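Here is the structure we will look at.
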Ligand code: ASP
Ligand code: MG
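Residue numbers (the numbering used here): 7 to 413.
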């Protein structure tokens with residue numbers, strides 16, 4: 007007998023027919039003798055619909071109220087699934103975030119989980135009851151409803167699995183698992199059987215959308231084994247787990263891209279201490295999250311160039327700040343590009359192989375794609391390129407590292 011947390015995403019509970027399909031899967035696991043805790047997302051499209059309503063009501067709805075509205079999505083799906091499970095003769099009980107309880111900080115719309123209580127859930131499990139927990143929501147110290155950011159139900163599931171010391175956390179979605187790259191733009195994309203926590207974390211941060219980044223952080227920290235799979239098929243999905251020798255053999259495990267990038271460059275700023283600090287202080291003050299940063303200085307000239315990337319939503323604000331700081335510091339000019347993308351390769355095999363970067367750069371060069379910025383870490387290399395070459399770059403990199411073949 008195992009303790010399994012099963013999380014079902016929005017498309018898996020999109021309508022009653024699909025909720026019945028989910029109930030059947032839950033029942034199967036339960037009847038096989040496992041203890042099952044279910045976490046659900048809102049029905050597909052519901053969170054977007056609720057958000058839109060809030061923004062129709064006002065262009066600046068208070069975030070506290072946005073959370074109250076958004077949390078209703080998961081409230082409905084958790085109750086519906088419990089009803090259907092009960093109609094199958096199973097004992098099930100829905101829970102909202104505050105009932106569990108999932109305690110978060112007060113950062114509305116992007117709250118972080120601080121602790122999870124599992125007494126009620128444990129008591130249910132001991133009585134043969136299936137708890138169905140509303141994903142994506144919690145409550146803060148004052149008892150106000152919070153939500154965990156888009157895709158947050160994944161994090162609810164993994165946090166519960168960690169708190170319950172579950173044997174497995176299954177993430178049911180509408181794709182077969184984690185792919186070497188986005189199958190929508192590269193038809194050779196292949197489903198991975200296994201991927202390490204470290205790689206999954208990089209892939210999520212670099213643009214892969216299967217799992218919310220925080221859920222992977224949780225899984226990695228508490229070593230929760232994840233199985234990402236489809237609720238529409240019986241196929242094995244992708245296991246997210248500890249690194250093993252099999253993974254080492256593949257140099258690169260995946261190619262990701264992020265089109266939500268823009269680039270700003272301050273050209274020829276005087277090269278002296280405090281210049282970078284001045285710029286990035288100003289960006290922080292304006293609440294702008296900076297992704298990549300590159301500074302180059304040539305000693306002879308006494309000037310430096312500073313380039314950084316921010317998301318498209320922050321572009322105009324960041325440009326304003328950069329212009330202001332550039333003037334203050336006596337820089338020559340500010341250049342910007344609104345349509346750039348970041349393509350990345352990820353793989354634990356990079357730790358033990360050489361020549362990975364040059365293979366990446368050659369593959370892009372062969373397609374005539376200019377690299378505007380490069381950044382590396384132990385298990386990833388990212389390049390900023392012109393957005394219009396994103397798909398071409400992804401396919402070229404997928405080929406260059408033979409990702410269509412089993413590792
Ligand atoms: N319903 C929320 C969203 O659409 C949370 C989730 O599905 O994970 O982002
Ligand atoms: Mg999701």
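Cβ atoms here follow ideal geometry from the backbone N, Cα and C, with glycine treated the same way.
Remember, predicted model here, so these are calculated numbers, not experimental data.
DSSP places residue 311 in the uninterrupted beta strand (DSSP E) bounded by 309-316.
For the 8 Å CB-CB criterion, residue 108 and residue 162 form a contact. Shortest Cα-Cα distance from residue 131 to any of 398, 98, 157, 154 involves 98. In the DSSP assignment, residue 370 is bridged to no other residue. Beta bridge pairing from DSSP links residue 72 with no other residue.
Here DSSP, grouped into helix, strand and coil, assigns residue 352 to strand. Residue environment analysis places residue 257 among the buried positions, since at least 16 neighbouring C-beta atoms fall within 10 angstroms of its C-beta. By the criterion of a C-beta distance shorter than 7 Å, residue 81 is surrounded in its chain by 102, 140, once the five residues flanking it on both sides are discounted.
Of the candidates 37, 335, 152, the residue whose Cα lies closest to the Cα of residue 96 is 37. When DSSP assignments are scanned along the segment 18-71, the uninterrupted stretches of beta strand (DSSP E) that are 3 or more residues long and fall wholly within it turn out to be 41-46.
Its chain contains 284, 285, 288 as the residues whose beta carbon lies nearer than 7 Å to that of residue 331, once the 5 sequence neighbours on both sides are disregarded; these appear in chain order. For residue 292, same chain residues with a beta-carbon under 6 Å away, outside a window of 5 residues either side, are 323, 327 in chain order. Here DSSP, grouped into helix, strand and coil, assigns residue 385 to coil. Per DSSP, reduced to three states, the secondary structure at residue 138 is strand. Relative to the non-hydrogen atoms of the ligand ASP, the Cβ of residue 53 comes within a distance shorter than 7 Å of at least one. DSSP places residue 177 inside the beta strand (DSSP E), whose first and last residues are 174-179. Check the Cα spacing between residue 397 and each of 262, 270, 302: the tightest is with 262. At least one heavy atom of the ligand ASP lies closer than 7 Å to the C-beta of residue 48. Under the three-state reduction of DSSP, residue 78 is assigned to helix. Residue side-chain check: residue 173 keeps its Cβ at 7 Å or more from all non-hydrogen atoms of the ligand ASP.
At a cut-off of 7 Å, the beta-carbon of residue 160 counts as near the ligand MG: some heavy atom of the ligand is closer than that.
For residue 303, the enclosing beta strand (DSSP E) covers residues 296-304. Between the alpha carbons of residue 385 and residue 249 lies a gap of roughly 12 Å.
Checking the DSSP bridge columns, you'll see residue 233 partnered with 176, 245. Taking 7 Å as the cut-off, the C-beta of residue 79 does not count as close to any heavy atom of the ligand MG.
For residue 141, the shortest C-beta to heavy atom distance toward the ligand ASP is below 7 Å. Excluding residues up to 5 positions away in sequence, 168 lie with their Cβ nearer than 7 Å to the Cβ of residue 228 in the same chain.
Apart from the 5 residues on each side of it in sequence, residue 230 sits with its Cβ closer than 6 Å to the Cβ of 164, 167, 168, 175 in its chain, given in chain order.
Residue 122: member of the beta strand (DSSP E) spanning 119-122, first to last residue. The C-beta distance from residue 66 to residue 157 rounds to 24 Å, too long to meet the 8 Å contact threshold.
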